[in-house]
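Below is one structure, written out as structure tokens, with a few remarks after it.
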Amino acid sequence: MISDFFKRLAAPGPSETPDADARLSLTALLVRIAKADMDYADSEIQQIDAIIMRRYGLDTAGAATLRQEAEEIEAYAADTVQFTRTIKDAVVHEDRETVVEALWELVLADGAREAEEDGILRLVAPLLGVNDLESALIRQRVQSRHKNAAE
1 MISDFFKRLA
11 APGPSETPDA
21 DARLSLTALL
31 VRIAKADMDY
41 ADSEIQQIDA
51 IIMRRYGLDT
61 AGAATLRQEA
71 EEIEAYAADT
81 VQFTRTIKDA
91 VVHEDRETVV
101 EALWELVLAD
111 GAREAEEDGI
121 LRLVAPLLGV
131 NDLESALIRQ
141 RVQSRHKNAA
151 E
């Protein structure tokens, strides 16, 4: 499974399964960001599962399976660009903004911006074609939602 995924990423043409690869790539990005601070906590795993359940309409088991596949892929991936390229090729710009929003949801879920997680997101957003200003506005929206939910 892992080698097939990387073969599809390395292929010169479009993937035969762009939606599935984009799902796996987004989930792998979520895992990579969660692991950036070297503390892959249960709360982050739960947050990843919640994000992909909402985004893809998965049940708990489906989300856990997708996340576990993404954890394997993420562990073998040499860099983050493979994931962002797959997403960028399969997802229109407006929807890529929702990808960045999902990434900010994970980063801000615990109420703190860790430097390592923030750094990866600052790298990933432009690779997805979302500029710094757009990413900052998305982050502010997510922070506002978190603040309103806490009140």
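Each residue of the sequence shown is one higher than the last, beginning at 1 in the UniProt record's numbering. All residues carry an ideal CB built from backbone N, CA and C; glycine is no exception.
Three-way DSSP call (helix, strand, coil) for residue i in this model
i: G119; result: helix
i: A34; result: helix
i: R113; result: coil
i: D132; result: helix
i: A150; result: helix
i: T60; result: helix
Span separating the alpha-carbon of residue i from that of residue j
i: N131; j: I51; result: 22 Å
i: A90; j: D19; result: 7 Å
i: F6; j: L133; result: The predicted position of F6 is uncertain, since its pLDDT is 41 and thus under 50; no value can be drawn from it.
i: T84; j: N148; result: 31 Å
i: L24; j: Q47; result: 16 Å
i: A150; j: E94; result: 28 Å
i: E69; j: E117; result: 21 Å
i: E74; j: Y56; result: 19 Å
Cβ-Cβ separation, residue j to residue i (assumed contact under 8 Å), whole Å
i: T80; j: L29; result: 7 Å
i: E105; j: D37; result: Going by Cβ atoms, the distance from E105 to D37 rounds to 16 Å, so no, they are not a contact pair.
i: I120; j: R32; result: 7 Å
Close-in-space but distant-in-sequence residues of the same chain around residue i (CB under 7 Å, 5 per side omitted)
i: L108; result: V142, Q143 and H146
i: A22; result: T86, I87, A90 and V91
Sequence-distant residues of its chain with Cβ nearer than 8 Å to residue i (five each side left out)
i: S43; result: A109 and D110
i: D49; result: T60, A63, A64 and R67
i: residue 191; result: This structure cannot settle anything about residue 191, because the visible part of the chain is limited to 1 through 151.
i: T27; result: I48, I52, L66, R67, E69 and A70
i: R122; result: D132 and S135
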